[in-house]
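Data first, discussion second: the structure below is written as structure tokens.
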Amino acid sequence: MRREILSQLQTEYEARRQESDRIFFERRREVENKCPEIGRLMDSRQQLIFSSIRGIASGHPAESVEEKMGQINTDIRKQLTENGYDPDYLEPVYVCGICKDTGYVGYPVREMCSCMQKELNRRLYQEVGLGEDQEQTFERFDRTIFPDTKIPALGCSQREMMDMIRDMTYTWAAQWPDVKEKAGILLSGASGLGKTYLMHAMLKVLLDRGLNAMMLSSYKAQDIMRKAYFSRDGQEDLDMLMDYDVLLLDDFGTEPLMDNVTVTQFFNLFNERQTRGKACLISTNLSPKNLRDRYTERIASRLLDKNHMLIIEMRGEDVRKKVH
Ligand SMILES: [Zn+2]
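Under my numbering, the residues of the sequence shown are numbered 4 to 327, in order.
This is how it looks when you write it as structure tokens:
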């Protein structure tokens with residue numbers, strides 16, 4: 004997915020450069036018609052560039068090229084002004100002056116320009132389901148919305164618990180696959196404790212690391228699996244579902260149960276992904292007991308396997324009213 008978006012972006016940048024060339028030649032023709040002297044100056048500048056390149060190639064770089072070039076540029080600007088044009092009228096028109104619309108900067112190590120990186124991330128976030136929730140990051144995580152009164156059953160406050168959970172989830176997302184729990188994380192707890200926020204924050208870390216990650220509601224995942232089950236057309240989507248480095252499954256347990264099919268399909272999903280060395284991040288309102296009741300021991304034991312999964316049970320009070 005990253006590759007497709009990137010190649011689309013490169014095509015757009017190419018078109019941008021062509022458009023910029025087109026504008027330049029159009030302007031040049033227009034100016035030359037009005038003032039042939041500017042055309043001559045532009046030609047001699049071009050000659051100067053060629054001879055300087057030839058000089059460098061032959062090992063005898065021409066001296067004072069820079070000085071001559073400066074003089075010609077000054078003359079061009081002067082002529083433009085005198086003819087009623089903006090002195091920058093014949094400067095290349097770039098959307099981004101840093102990379103000159105190539106999308107890349109640096110030599111010899113080529114790096115993506117910040118303009119392209121930003122747009123790539125924006126599209127990637129859109130594509131993976133982050134959409135309007137791009138602000139939900141670890142950096143912006145506001146611990147003060149969680150109550151600081153001690154919960155006896157936890158031995159700490161909800162705020163302190165969230166500090167720990169934030170650290171654990173951040174570390175996992177920043178280090179996977181070099182983590183103990185390679186198969187993923189199970190985030191369980193009632194609504195409004197911040198599960199989805201953490202999922203978004205982890206997704207962003209994973210994407211920024213260049214990993215192929217995707218977030219889906221479990222309803223959507225079920226839909227993909229069902230379509231693939233009933234027709235060949237859906238096979239491609241199912242293959243993708245199996246192949247993301249990290250699949251984030253939001254709201255596991257809210258999809259409708261369709262006799263044994265749902266359970267079998269989810270088991271296959273978890274099993275196949277684990278076999279391929281891929282991870283799942285699952286958020287659910289269901290407790291471990293509810294998970295067993297709903298999905299049978301076969302799935303529950305896999306999701307609750309502490310050797311492979313990081314299991315985080317969240318407690319406390321609903322903070323959604325404070326978030327919004
Ligand atoms: Zn740029």
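The C-beta atom is built at its ideal place from N, Cα and C for all residues, glycine as well.
*Would you mind stating whether Asp104 and Arg20 have Cβ atoms separated by less than 7 Å?*
yes
*asked:* Buried or exposed, going by whether 16 or more other CB atoms sit within 10 Å of the CB of Met167?
replied: exposed
*Between Leu209 and the rest of its own chain, which residues show a CB-CB distance below 6 Å, the 5 nearest in sequence each way excluded?*
Ala176, Ala216, Val249
*Does the distance from the CB of Thr172 to the CB of Met205 come in under 7 Å?*
yes
*asked:* Please tell me whether, using a cut-off of 6 Å, the distance from the CB of Cys118 to the nearest non-hydrogen atom of ligand 1 is below it.
replied: yes
*According to the neighbour-count rule (16 or more other Cβ atoms, all chains shown, within 10 Å of its Cβ), is Gly109 buried or exposed?*
exposed
*Should Ile227 be listed as close to ligand 1, given that the test is whether its C-beta is under 6 Å from any heavy atom?*
no
*Exposure of Lys207, with buried meaning 16 or more beta-carbon neighbours within 10 Å*: buried
_Once DSSP output is grouped into helix, strand and coil, what is the label at Met312?_
strand
*asked:* Taking 6 Å as the cut-off, is the beta-carbon of Cys102 closer than that to any non-hydrogen atom of ligand 1?
replied: yes
*What is the DSSP secondary structure of Gly73, counted as helix, strand or coil?*
helix
*Can you name, in chain order, every residue of its own chain whose Cβ lies under 6 Å from the Cβ of His327, other than the five neighbours on each side?*
The predicted model places His327 with a pLDDT of 46, which falls under 50 and marks its position as unreliable, so this point remains unresolved.
*How would you label Phe383, buried or exposed, when you count the other beta carbons within 10 angstroms and need 16 or more for buried?*
This structure leaves residue 383 out entirely; the chain is present only between 4 and 327.
*Please specify which runs of the alpha helix (DSSP H), each continuous and at least 4 residues long, are wholly inside the region 138-181, giving them in chain order.*
161-178
_Rounded separation between Ile328 and Asn86 - CA only_ = No answer is possible for residue 328: it lies beyond the span of the chain, which begins at 4 and ends at 327.
*asked:* At a threshold of 6 Å, does Cys38 count as lining ligand 1 (C-beta to nearest heavy atom)?
replied: no
*Taking Ile56 as part of the alpha helix (DSSP H), name the residues at either end of that continuous run.*
39-61
*Cα-Cα separation, Lys185 to Ser55*: 57 Å
_Please list the terminal residues of the continuous alpha helix (DSSP H) segment that includes Cys116._
Careful: Cys116 lies outside any alpha helix (DSSP H) and carries neither H nor E.
*Where does Thr105 sit, in a helix, a strand or coil, going by DSSP?*
coil
*His327 in three-state terms, based on DSSP*: Low confidence applies to His327: its pLDDT is 46, below 50, so where it sits in the model is not reliable, and the reading given next is rough at best. It is coil, neither helix nor strand.
*Can you name the start and end residues of the beta strand (DSSP E) that Leu289 belongs to?*
Per DSSP, Leu289 belongs to no beta strand (DSSP E) and is neither H nor E.
_Shorter than 6 Å, the distance from the beta carbon of Cys99 to the closest heavy atom of ligand 1, or not?_
yes
*Which residues share a DSSP beta bridge with Val266?*
Answer is none; Val266 lacks a bridge partner.
*Tell me where the alpha helix (DSSP H) around Val208 begins and ends.*
198-211
*asked:* Tell me which residue opens and which closes the alpha helix (DSSP H) that Met261 is part of.
replied: It is not in any alpha helix (DSSP H) - Met261 carries neither H nor E in the DSSP assignment.
*With DSSP run on the structure shown, which of helix, strand or coil describes Gln249?*
Correcting the residue type first, residue 249 is Val in the shown sequence and not Gln. Of the three classes helix, strand and coil, the one that applies to Val249 here is strand, per DSSP.
*Starting from Ala224, trace the alpha helix (DSSP H) both ways and give me its first and last residue.*
221-233
*Output the boundary residues of the beta strand (DSSP E) element that contains Leu133.*
Looking at the DSSP string, Leu133 is not in any beta strand (DSSP E), and its letter there is neither H nor E.
_If I measure Cβ to Cβ from Lys37 and keep anything under 8 Å in the same chain, skipping five residues before and after, which residues do I get?_
Asn86
_Please report the distance separating the alpha-carbon of Ser47 from that of Lys71._
10 Å
*Neighbourhood of Asp89 by C-beta, 6 Å cutoff - its chain only, sequence neighbours within 5 removed*: none
*Assuming Ser221 and Glu258 make a contact with CB atoms under 8 Å, what is their CB distance in whole Å?*
5 Å
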